[in-house]
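Numbered according to this note's numbering, the sequence shown spans residues -10 to 239.
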Amino acid sequence: MVALYPETFARFYDQIYHQIRDSDDAEFYLGEISRTKGRVLEIGTGTGRFFLNALKRGADIYGLDISPSMVNVLLKKLDKKEHYRISIQSITDFKHNRKFDLIIAPFRVFMHLIEKEEQIRALNNVYRHLKSGGRFIFDVFVPDLRPLISGISNQIDFDGEYEPGKRVKRTVSTKPDLHNQLINIDFLLEWDECNEVKQEHWLTPLRYFFRFELEHLIERSDFKNYKILGDFLGNELNEKSREFIIVCQK
């Protein structure tokens, strides 16, 4: 079951990820959207990092996300006449009365699917919503075994102002579960509000994947044609790759 973003984490999502996330993935996905002559679906729209830019560029794009808190942030940014493009649904069982030329699930969406049955359902559900020749693109990171084995303890990955004179800090700790191939993440948010420092934890697991596992998984699905790239520049996999970019075609 996919973990939902708490409201507080959705509130600060933009401030944190606009700073710590590379622009490479945005350029890649927005480029793929721009090259698509047809309808696009983004799964895991979040607060609209890709969706809003694509819509401004004239893309016929639709979006869905499983977290109401994230969708509510996005809808506040979106013109009301465009709200019909967004729905609260899961990748595993979403339903849409449209077929798409491109479906994307950026920024680790697939890693929130813990069980292999969920992963197969998601792939096949996406397949059903693609037009013939349509593509599905998603990404997961290449596992780094050292932190996977030892875990991370109280690592600050963001510390900055969210309003003038008010700070927000995020600390990350991880506990490995090698047997189940999970990273159990503990996010701690601390922020200034009402003359005090407030705190909130969010515990969520991420499922990591290895190359041949991904290949076997896709080959068990309805997809028969696919390739795996090694970065957002489109290079082949190599020993320096830090990303798996999976491109499946119907």
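Ideal placement from N, C-alpha and C gives every residue a C-beta, glycine not left out.
Exercise for the section: Work out the CA separation of Ala(-1) and Tyr110 for me, nearest whole Å. Expected result: Taking the first residue of the sequence shown as 1, we reach residue 110 at position 121. Taking the first residue of the sequence shown as 1, we reach residue -1 at position 10. At residue 110 the sequence reads Arg, which differs from the Tyr that was named. One C-alpha to the other measures close to 27 Å.
Problem - Candidates Val131, Tyr151, Leu167: closest to Asn227 by CA position - result: Counted from its first residue, the sequence shown places residue 227 at position 238. Looking at the Cα atoms, Val131 is the closest of the given residues.
Practice task
State the DSSP-derived secondary structure class of Pro194, mapped to helix, strand or coil.
Solution key: Position 205 of the sequence shown, counting from 1, holds the residue named residue 194. Strand at Pro194.
Exercise for the section: Pick out whichever of Glu106, Arg46, Lys158, Asn86 has its Cα sitting closest to the Cα of His190. Expected result: Here residue 190 is taken as the residue at index 201 of the sequence shown, counted from 1. The residue with the shortest Cα to Cα distance from His190 is Lys158.
Problem - Rounded straight-line distance, which links the Cα of Glu31 to that of Glu232 - result: Here residue 232 refers to the residue found at position 243 of the sequence shown. Here residue 31 refers to the residue found at position 42 of the sequence shown. Each residue's Cα considered, the two are about 19 Å apart.
Problem - Three-state secondary structure (DSSP) of Phe212 - result: Locating residue 212 in the sequence shown gives position 223, where the first residue counts as 1. Of the three classes helix, strand and coil, the one that applies to Phe212 here is coil, per DSSP.
Exercise for the section: Determine, using beta carbons only, whether Gly123 and Phe99 come nearer to each other than 8 Å. Expected result: The residue labelled residue 123 in the question sits at position 134 within the sequence shown. The residue labelled residue 99 in the question sits at position 110 within the sequence shown. Against a cut-off of 8 Å, the Cβ pair of Phe99 and Gly123 comes out as no contact.
Handout entry: Limits of the unbroken alpha helix (DSSP H) element including Arg110
Key = Taking the sequence shown and counting its residues from 1, the one referred to as residue 110 is at position 121. It spans 105 to 117 - the alpha helix (DSSP H) in which Arg110 sits, taken as one unbroken run.
Exercise for the section: Just tell me which of Ile235, Glu225, Phe40 has its CA closest to the CA of Lys213. Expected result: In the sequence shown, residue 213 corresponds to position 224, counting from 1. Out of Ile235, Glu225, Phe40, Ile235 has the C-alpha closest to the C-alpha of Lys213.
Practice task
Look up Tyr73 in the DSSP assignment and say whether it is helix, strand or coil.
Solution key: The sequence position of residue 73 within the sequence shown is 84, counting from 1. Three-state result, Tyr73: helix.
Problem - Beta-carbon contacts of Ile141 that lie in its chain and below 7 Å, excluding the five residues immediately before and after - result: Translated into the one-based positions of the sequence shown, residue 141 becomes position 152. Closer than 7 Å at the Cβ level, and outside the excluded window around Ile141, lie Val161, Ser162, Thr163.
Problem - Residue interval of the alpha helix (DSSP H) (run including Thr(-3)) - result: Within the sequence shown, residue -3 is the residue found at index 8, counting from 1. Unbroken alpha helix (DSSP H) run through Thr(-3): -4 to 9.
Exercise for the section: Could you tell me the distance, in whole angstroms, from the CA atom of Gln8 to the CA atom of Tyr(-6)? Expected result: On the sequence shown, residue 8 is found 19 positions in, with the first residue counted as 1. On the sequence shown, residue -6 is found 5 positions in, with the first residue counted as 1. C-alpha separation (whole angstroms): 19 Å.
Problem - Sub-8 Å separation of Ile80 and Asn42 beta-carbons - result: Within the sequence shown, residue 80 is the residue found at index 91, counting from 1. Within the sequence shown, residue 42 is the residue found at index 53, counting from 1. The answer is no: Cβ separation not under 8 Å.
Exercise for the section: Kindly indicate which residue of Tyr116, Tyr51, Asp14 has the alpha-carbon position closest to the one of Leu222. Expected result: Counting from 1 along the sequence shown, the entry for residue 222 is found at position 233. For Leu222, the nearest C-alpha among the options comes from Asp14.
Handout entry: Status (buried if at least 16 other CB within 10 Å, exposed otherwise) for Glu107
Key = On the sequence shown, position 118 is the one that residue 107 refers to. It counts as buried.
Handout entry: Test item: CB-CB of Phe83 and Leu53 under 8 Å
Key = Reading the sequence shown from its first residue, position 94 is the one you call residue 83. Reading the sequence shown from its first residue, position 64 is the one you call residue 53. Yes, the Cβ-Cβ distance between Phe83 and Leu53 is below 8 Å.
Problem - Straight-line Cα distance separating Ala94 from Leu102 - result: Here residue 102 refers to the residue found at position 113 when the sequence shown is read from its first residue. Here residue 94 refers to the residue found at position 105 when the sequence shown is read from its first residue. If you take the alpha carbons of Leu102 and Ala94, they lie about 12 Å apart.
Exercise for the section: Could you pull out every unbroken alpha helix (DSSP H) segment of at least 4 residues lying fully inside the stretch 11 to 94, listed in chain order? Expected result: 13 to 23, 40 to 45, 57 to 66
Practice task
For Ser142, name the three-state secondary structure that DSSP assigns.
Solution key: In the sequence shown, the residue the question calls residue 142 occupies position 153. Three-state DSSP puts Ser142 in a strand.
Handout entry: C-alpha distance - Asn143 paired with Tyr116, whole-angstrom precision
Key = For the purposes of this step, residue 143 is taken as residue 154 along the sequence shown, with counting starting at 1. For the purposes of this step, residue 116 is taken as residue 127 along the sequence shown, with counting starting at 1. Taking the straight line from one Cα to the other gives about 40 Å.
Handout entry: Nearest-angstrom Cα separation, counted from Leu203 out to Asp133
Key = If you number the sequence shown from 1, residue 133 lands on position 144. If you number the sequence shown from 1, residue 203 lands on position 214. Each residue's Cα considered, the two are about 16 Å apart.
Handout entry: Within 8 Å, strictly: CB atoms of Arg196 and Leu171
Key = For the purposes of this step, residue 196 is taken as the residue at position 207 of the sequence shown. For the purposes of this step, residue 171 is taken as the residue at position 182 of the sequence shown. Yes, they are a contact pair.
Exercise for the section: Using a Cβ cut-off of 8 Å (strictly closer), state whether Pro(-5) contacts chain D. Expected result: Considering every chain present, this structure includes no chain D. It has just one protein chain.
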